[in-house]
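Notes follow once the structure below has been shown.
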Amino acid sequence: MIIKGKVWKFKDNIDTDVIIPARYLNTSDPKELALHCMEDYDPKFVKKMDQGDIIVAGKNFGCGSSREHAPIALKAAGVSCIIAKSFARIFFRNAINIGLPIFESEEVVEQCLPGDLLEVDTVEGIIKNLTKNKVYQTNPLPPFIQKIISLGGLREYVQEELKRREKDV
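Residue numbers (the working numbering): 6 to 174.
Put into structure tokens, the structure is as follows:
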């Protein structure tokens, strides 16, 4: 899968309370969560970003409380991919579970600027900065995780597997 989007750059240690403030955890509706994504960091974030934009962040992205609301809010707001120096492990798992591609690359984070246009090949792990005409290689996601993401998340993957197994019986 090829993803193309504009860079939104964030610092180290962006926690889940920044991604989606706790006062909105009374809903699990992705559309409602999207409206409040990153609002304490930048109140106009959702209005300024375009569908398919990419977050590039420092270390420990998604730290803090373990909540699936954070990657759901990002994906529903239109974020197509996140590239960070590192991720909190629970955020990493939650992002995969809801079908949001994420990659670790210190080089991309160090060299990208807000507004740069990136193209990400999720299968090969190749990230191109089209603005700066640079190419970066990161570890591609394993095929199993690629399949989860391509189907939209873990729930969709399990549903497909169950259907496949029913046909095999």
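Glycine residues also receive a C-beta, built at the ideal position from the N, C-alpha and C atoms. This structure is a prediction, so every number in the text was calculated from the model and none was measured.
{"Asked": "Three-state secondary structure (DSSP) at A75?", "Found": "helix"}
{"Asked": "Applying the criterion that 16 or more other CB atoms from any shown protein chain within 10 Å of the CB defines a buried residue, is S201 buried or exposed?", "Found": "Look at the range of the chain in this structure, 6 to 174, and you will see that residue 201 is not part of it."}
{"Asked": "Hey, quick one: how far does the alpha helix (DSSP H) through E44 stretch, first residue to last?", "Found": "Counting along the chain, E44 falls outside any alpha helix (DSSP H), and DSSP gives it neither H nor E."}
{"Asked": "Considering only DSSP beta bridges, list what G10 is partnered with.", "Found": "L123"}
{"Asked": "Helix, strand or coil, according to DSSP, for N102 in the structure here?", "Found": "helix"}
{"Asked": "Mind checking whether A82 and V114 have CB atoms under 8 Å apart?", "Found": "no"}
{"Asked": "With a 10 Å radius around its C-beta and 16 neighbouring C-beta atoms as the bar for buried, classify K80 as buried or exposed.", "Found": "buried"}
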